[in-house]
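Beneath this line is the structure, given in C-alpha cells, with notes to follow.
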Amino acid sequence: MKLRNSVLMDRNFRLFLVSRGVYTIAISGLPALLAVSVVSQGGGPGELGVVLGIGALPAILGAIASPAVLRRFDQRALFQASCVVWVGGCLTVGLLELTRGVSYFVYVLVTFCLELVAAMLYGAIGSYLPSIVPEGKLQEANGVKSTVFGLAGVAGPLIAVPVTASGDGGRSAAWFGVAALMFLGMLCQTQLPSGRRADGLSGEVGNPFSSSWGYLRRCPGMLVVIFYSAIWHVLGWSCYLVGIPVLLRQNYDSLWAWGVMQAFVSGGVVIGGLVAVMYKASTGRVCITSLLPLLLLVLMVATSAPLWSVTLMSAVSGVGLSVGGVHWATRVQREVPEVLIPAVFSLEYVMSEGVGPVGYLGVPLVMSVFGVGMTMCAASTLALALGVAAVLFFPRRFAYREAGSQKEARL
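My numbering puts the first residue of the sequence shown at 1251, with every later residue one more than the last.
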C-alpha cells in the first residue's frame, strides 16, 4: 500500500480517526471504571450484574431511534451531542465520587447512557465514512479504523484500571479524565465535515426500519449475515462471556488466563484490521466465516484443550472478528442505498447486541441443568454447523440496487 495513495493522506479521515480514537479510549475504560466503582461502594455480584447488564433495553432503543435522528441531524451533530452528554455525566459522577454520594442508581444511569449512545452512534459512524472517503478506498478506511479503534480499546482499560485502584481520589480522577478525553474528542470533531442527513427516501417518510426491512427482503445475502449474527450472539458469544471464566477456574485452575485471553482477542482485532486492508476480496461468505473461530475457541475450552492452544485461538478469533466487521461494513457502505445505510446498520445492531441478553439469561439456566461444559459443547457445535451450512449455501445475491442506478451486487 503506497502511502501517497493511502486513505491516511486524507485530512478529513485523519481527523475522524483522531476524534473517534480519543472517544474510544475514553469509552472503553468505562466498564472497568464502573466495575471498580461499584465494588468499592460495597456492591456484590448482584449489584454489579445489574449495573453492567442493564444495557439491553437502551441498545435496542438507541438502534431504533438512530435512523430517525439522522433524518433530522447530520452525523457530526450526533457525534458532538454524545460528547456533550458524556462530559456532563462524567463530571457529575466525578464530583459525587469526591463526596461519596454516588448511589447504584447513578451507575445504572451511566450504563444506560453508555449503551444508548453506543447504539445510536453505530449507524452514524457506519454511514459517515462514505461521505468523506471515496468508494474505492472504503475497505482500506474500514481496516485502518478497526486497527486504530482496536488499539484505543486496549489503551482505555490499561489507563483506567491503575488509576481507579488508587482509592476514592483515583476514581474521581478517572471520571474527570474520561470527561477531559471526551471534551478533547469534541474539539477535534469541530473540524470534521458535517456528513449527510438520511432524509429524502424517495418520497417515503415513514418508519426508517420499515423502509430498510422492505429493502432487506430483496437482499437474501444480507439477511443471512444478520440472522446468523443473532444466532452466533445467543449461542456463541454468551457461552464465551458466561461459560469460559467458569471453566478456566474449574478445569484449568487458571482464572488469570481470562485476562490473557481478552488481551489476545484485542491484539487479534488490531491485526485483523491490517489484514482486512490487504485482503481485498469482499464476499458475504467472509462475514460468516469470520465468526467461526470464536465458536471453535468455546469448544476448545469446553473440551479442556491445552491452555496455550486456547490462547492462540483467542488471537485468531480476534483477527476473524475484525476482518468480518470490516468486510461487512464495506459491503453495506458500497451496495446499500445511502439513505438506508444508518437503518441497516441499526437493524444489524438490534439483531446482535439487542438479542445478546437472551443468551446471557438463557445459557446459564441451561448450564444449571446440563452442566457448563456440556452446554458449551452443544451450543458451539450447533452454531458451527449452522455457520458452515450458511457458508456452503450462501445466497448468490448479497444486496440489491434499484434499476438504473447500479447493477445488483452479487456474491
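Glycine included, each C-beta is placed from N, C-alpha and C at the ideal position. As the structure is a prediction and not an experimental result, all values here were calculated from the model.
Item                                                                                                                     : Value
Chain B contact for residue 1349 (CB, 8 Å cutoff)                                                                        : Here chain B cannot be found, since the structure has a single protein chain.
Three or more C-beta pairs below 8 Å linking the stretch 1381-1397 and the stretch 1502-1515                             : no
Backbone CA spacing between residue 1506 and residue 1369 [nearest angstrom]                                             : 31 Å
DSSP state of residue 1322 mapped onto helix, strand, coil                                                               : coil
Residue 1264 (DSSP reduced to helix, strand or coil)                                                                     : helix
Coarse secondary structure for residue 1581, derived from DSSP in three states                                           : helix
Sufficient close CB pairs (3 or more, under 8 Å) joining the stretch 1370-1377 to the stretch 1329-1343                  : yes
Separation of residue 1574 from residue 1536, as counted between CA atoms                                                : 6 Å
Pairwise C-alpha distance: residue 1434 and residue 1442                                                                 : 14 Å
C-alpha distance - residue 1334 paired with residue 1436, whole-angstrom precision                                       : 8 Å
Among 1525, 1549 and 1438, nearest to residue 1489 - alpha-carbon criterion                                              : 1549
Cβ contact check for the stretch 1353-1371 and the stretch 1540-1555: 3 or more pairs under 8 Å                          : no
Contact under 8 Å by Cβ, residue 1647 with residue 1469                                                                  : yes
Through-space distance from residue 1420 to residue 1639, alpha-carbon basis                                             : 51 Å
For residue 1504, the first and last residue of its enclosing alpha helix (DSSP H)                                       : Taken as a continuous stretch (DSSP letters only), residue 1504 belongs to no alpha helix (DSSP H), as it is neither H nor E.
Burial state of residue 1385 (16 or more Cβ within 10 Å)                                                                 : exposed
Alpha-carbon spacing of residue 1661 relative to residue 1472, whole angstroms                                           : In this prediction, residue 1661 has a pLDDT of 44, which is less than 50 and means its spatial position is unreliable; what the coordinates show is noted afterwards. Rounded to whole angstroms, residue 1661 to residue 1472 spans 11 Å at the Cα level.
Integer Cβ distance of residue 1371 from residue 1379, believed to fall under 8 Å                                        : Actually they are not in contact, since the Cβ atoms of residue 1371 and residue 1379 sit about 13 Å apart, beyond 8 Å.
Through-space distance from residue 1626 to residue 1595, alpha-carbon basis                                             : 29 Å
Residue environment, residue 1325, which counts as buried when at least 16 other CB atoms sit within 10 Å                : buried
Simplified DSSP assignment, three categories, for residue 1512                                                           : helix
Presumed contact (8 Å Cβ cut-off) between residue 1590 and residue 1478, rounded CB distance                             : Not confirmed; about 21 Å, so no contact.
Beta-carbon proximity check, residue 1634 vs residue 1542, cutoff 8 Å                                                    : yes
Buried versus exposed, by CB contacts within 10 Å (16 or more), residue 1619                                             : exposed
Beta-carbon gap between residue 1428 and residue 1280 smaller than 8 Å                                                   : yes
Helix, strand or coil at residue 1540 according to DSSP, with G and I counted as helix                                   : coil
Local Cβ density within 10 Å of residue 1556, reported as buried at 16 or more and exposed below that                    : exposed
Counted within 10 angstroms of its Cβ, other Cβ atoms place residue 1262 as buried (16 or more) or exposed               : exposed
Contacting residues, own chain, Cβ-Cβ under 6 Å from residue 1552 (five flanking each side not counted)                  : 1623, 1626 and 1627
Cα-Cα separation, residue 1275 to residue 1345                                                                           : 21 Å
Where the alpha helix (DSSP H) through residue 1487 begins and ends                                                      : Here residue 1487 belongs to no alpha helix (DSSP H), and DSSP marks it neither H nor E.
Beta-carbon proximity list for residue 1561, same chain, < 8 Å, skipping 5 on both sides                                 : 1507, 1510, 1511 and 1514
Distance between residue 1424 and residue 1663 (C-alpha atoms, nearest Å)                                                : Here the chain comprises residues numbered 1251 to 1661, so residue 1663 is not present and cannot be evaluated.
Close-in-space but distant-in-sequence residues of the same chain around residue 1606 (CB under 6 Å, 5 per side omitted) : 1483
Residue range of the unbroken alpha helix (DSSP H) whose run includes residue 1588                                       : Residue 1588 -> no alpha helix (DSSP H), and no H or E assigned at all.
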